[in-house]
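>
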Amino acid sequence: MAIVVHLDVMLAKRKMQLKELSEIVGISVVNLSILKKSKGKAIRFSTLNAICMALDCQPGDILECVSDEKHTQQ
Amino acid sequence: MKHKLPFVIGISSLLLYKLLYYFTGNIYLALSVFIVPISMLVLNIFLRKKLRYKSWFLSKYNSFLEKEISTFESDIPKELLFQKVLEVSVSSSFNELDSNVETSELLIGTTPNFWTWGENMYIEIKEKDSETSVVKITSVTIYGSYSWNRNRANYQHFYKSFQQSLTI
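Quick mapping for you: the protein sequence lines, in order, are chains B and A.
Under this note's numbering, the residues of the first sequence are numbered 33 to 106, in order.
Under this note's numbering, the residues of the second sequence are numbered 43 to 210, in order.
1) Could you work out which residue in B:E52, B:A44, B:T79, B:M42 is closest to L208 (chain A) when comparing CA atoms only?
2) Taking Cβ positions, are V41 (chain B) and Q125 (chain A) nearer each other than 8 Å?
3) Between the beta-carbon of N196 (chain A) and the beta-carbon of S181 (chain A), is there less than 8 Å?
4) Less than 8 Å between the CB atoms is what I'm expecting for L128 (chain A) and L148 (chain A), so what's the real figure, rounded?
5) Is DSSP giving I118 (chain A) helix, strand or coil here?
6) On a CA-only basis, which of A:F65, A:E161, A:K60, A:T113 is nearest L107 (chain A)? Give me that one, please.
7) Would you call K68 (chain B) buried or exposed, if buried means 16 or more other Cβ atoms sit within 10 Å of its Cβ?
8) Any idea if S136 (chain A) is buried or exposed, counting beta-carbon neighbours within 10 angstroms, 16 or more meaning buried?
9) Which two residues bound the contiguous beta strand (DSSP E) that contains L53 (chain B)?
10) Can you tell me the Cα-Cα spacing of L73 (chain A) and Y59 (chain A), whole angstroms?
11) Classify Y64 (chain A): buried if its beta carbon has 16 or more other beta carbons within 10 angstroms, exposed otherwise.
12) Of all Cβ atoms in chain A, is any one closer than 8 Å to the Cβ of I56 (chain B)?
13) So, with DSSP's three-state summary, where would you put Y185 (chain A)?
14) Verify the CB distance criterion: does V98 (chain B) have a CB-CB separation below 8 Å to chain A?
15) Taking DSSP as the reference, what is the three-state secondary structure of C89 (chain B)?
16) Give me, in chain order, the residues of the same chain whose beta-carbon lies closer than 8 Å to that of H38 (chain B); leave out the 5 immediate sequence neighbours on both sides.
17) Closest to K168 (chain A) by CA distance: which of A:P119, A:Q206, A:I111, A:S203 is it?
18) If contacts are defined as beta-carbon pairs under 8 Å, then I83 (chain B) and V57 (chain B) qualify, I think. What distance do you get, rounded to the angstrom?
19) Can you name the residues of chain B whose CB is closer than 7 Å to the CB of K32 (chain A)?
20) When DSSP labels each residue in this structure, what does M82 (chain A) get in the three-state scheme?
21) Using a C-beta cutoff of 8 Å, does I53 (chain A) count as contacting chain B?
22) Select from the stretch 111-138 of chain A all residues with a C-beta closer than 7 Å to any C-beta belonging to chain B, and list them in chain order.
23) Comparing the C-beta of T174 (chain A) with each C-beta of chain B, is any distance below 8 Å?
24) Pick from A:K202, A:D140, A:Y185, A:E121: whose alpha carbon is nearest that of V176 (chain A)?
25) In this structure, does DSSP put V143 (chain A) in helix, strand or coil?
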């Protein structure tokens, strides 16, 4: 199983740029880009909370647990 | 002793200084023995801040400096990884000295203190395949053929900071 981050989907839904989100949540664009590509090692609750607040969504809208096969296909 | 040549030259210089002073009685003439090592130190301090002098510090013929090469792999794309490494360098105790975005090279260094003249770390990021990037880090002393494990400690500190920064 793998955790996939759908930050790009939520950003598109909210018509928000990554830079804009970065300014709101106080996390660098580089770190958000790494998170967006699901390349981070872990995510803090404080980060998740800030992103959810900024995008007005639930953690489940951003994170999804998928099978390895599906993850490889993506 | 890893490199014997600088040690032999150091001892020889001291002996030569003593002999010159003993036979001539001229302190200035005797002290001139140390012009070469002191000039080398001054030169290295001036050259350390630029990436273009990388070959001088990393040359295999420069046995007066200790170098240690370490590599690690990351699944972050090269361009993004370069920005990330830059960010880690700034946030950790290293000073960013120079960088080249085109070649994905970065030069960071430690501050000189009572124990050391400082060390440089040359970071090079290369693409291994579409999914993996390789980070090659060469830690080198500014002056001295033995780093007293500081080269290793610098790499470990940097690597630890990098790994910690991946918790976002």
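The C-beta atom is built at its ideal place from N, Cα and C for all residues, glycine as well.
Put simply:
1) Numbered from its first residue, the second sequence carries residue 208 (chain A) at position 166. Ranked by Cα distance from L208 (chain A), the first of B:E52, B:A44, B:T79, B:M42 is B:T79.
2) Here residue 41 (chain B) is taken as the residue at index 9 of the first sequence, counted from 1. Here residue 125 (chain A) is taken as the residue at index 83 of the second sequence, counted from 1. Cβ atoms of V41 (chain B) and Q125 (chain A): not closer than 8 Å.
3) Position 154 of the second sequence holds residue 196 (chain A). Position 139 of the second sequence holds residue 181 (chain A). Yes, the Cβ-Cβ distance between N196 (chain A) and S181 (chain A) is below 8 Å.
4) Sequence index remark: in the second sequence, residue 128 (chain A) carries index 86 (1-based). Sequence index remark: in the second sequence, residue 148 (chain A) carries index 106 (1-based). Separation of the CB atoms of L128 (chain A) and L148 (chain A) is rounded to 6 Å, and the pair is thereby assigned contact status at 8 Å.
5) Locating residue 118 (chain A) in the second sequence gives position 76, counting from the first residue. Of the three classes helix, strand and coil, the one that applies to I118 (chain A) here is coil, per DSSP.
6) Taking the first residue of the second sequence as position 1, residue 107 (chain A) is located at position 65. Taking the Cα of L107 (chain A) as reference, the smallest distance to any Cα among A:F65, A:E161, A:K60, A:T113 is reached at A:E161.
7) Taking the first sequence and counting its residues from 1, the one referred to as residue 68 (chain B) is at position 36. Label assigned to K68 (chain B): buried.
8) On the second sequence, residue 136 (chain A) is found 94 positions in, with the first residue counted as 1. The sequence given here places Phe at residue 136 (chain A); Ser does not occur at that position. Buried, since its Cβ has 16 or more Cβ neighbours within 10 Å.
9) Within the first sequence, the letter at position 21 stands for residue 53 (chain B). For L53 (chain B), no beta strand (DSSP E) segment is defined; the enclosing uninterrupted segment is the alpha helix (DSSP H) at 50-57.
10) Stepping through the second sequence from its first residue, residue 73 (chain A) is reached at position 31. Stepping through the second sequence from its first residue, residue 59 (chain A) is reached at position 17. Distance between the alpha carbons of L73 (chain A) and Y59 (chain A): 6 Å.
11) In the second sequence, the residue the question calls residue 64 (chain A) occupies position 22. The residue in question, Y64 (chain A), is exposed, as its Cβ has fewer than 16 Cβ neighbours within 10 Å.
12) In the first sequence, counting from the first residue as 1, residue 56 (chain B) sits at position 24. It does not: the Cβ of I56 (chain B) has no partner Cβ on chain A nearer than 8 Å.
13) For this step, residue 185 (chain A) is matched to residue 143 along the second sequence. DSSP places Y185 (chain A) in coil when its eight states are reduced to three.
14) Mapped onto the first sequence, residue 98 (chain B) falls at position 66. Not one chain A Cβ lies under 8 Å of V98 (chain B).
15) Translated into positions along the first sequence, residue 89 (chain B) becomes position 57. Looking at C89 (chain B) - three-state DSSP - the assignment turns out to be coil, as it is neither helix nor strand.
16) Taking the first sequence and counting its residues from 1, one reaches residue 38 (chain B) at position 6. Answer for H38 (chain B): D93, I94, L95, E96, listed in chain order.
17) For the purposes of this step, residue 168 (chain A) is taken as the residue at position 126 of the second sequence. Among A:P119, A:Q206, A:I111, A:S203, the Cα nearest to that of K168 (chain A) is on A:P119.
18) Counting from 1 along the first sequence, the entry for residue 83 (chain B) is found at position 51. Counting from 1 along the first sequence, the entry for residue 57 (chain B) is found at position 25. That pair is a contact at about 6 Å.
19) With chain A running from 43 to 210 in the structure shown, residue 32 (chain A) is simply not present.
20) Mapped onto the second sequence, residue 82 (chain A) falls at position 40. M82 (chain A): helix per DSSP, three-state reduction.
21) By one-based count along the second sequence, residue 53 (chain A) stands at place 11. Proximity of I53 (chain A) to chain B, defined by a Cβ-Cβ separation below 8 Å, is not satisfied.
22) Only D117, I118, L122, Q125, K126, E129 from the stretch 111-138 of chain A bring a Cβ to less than 7 Å from some Cβ of chain B.
23) The sequence position of residue 174 (chain A) within the second sequence is 132, counting from 1. No, T174 (chain A) does not count as interfacial toward chain B.
24) Sequence index remark: in the second sequence, residue 176 (chain A) carries index 134 (1-based). Of A:K202, A:D140, A:Y185, A:E121, the residue nearest in Cα terms is A:E121.
25) Here residue 143 (chain A) refers to the residue found at position 101 of the second sequence. Three-state DSSP puts V143 (chain A) in coil, outside helix and strand.
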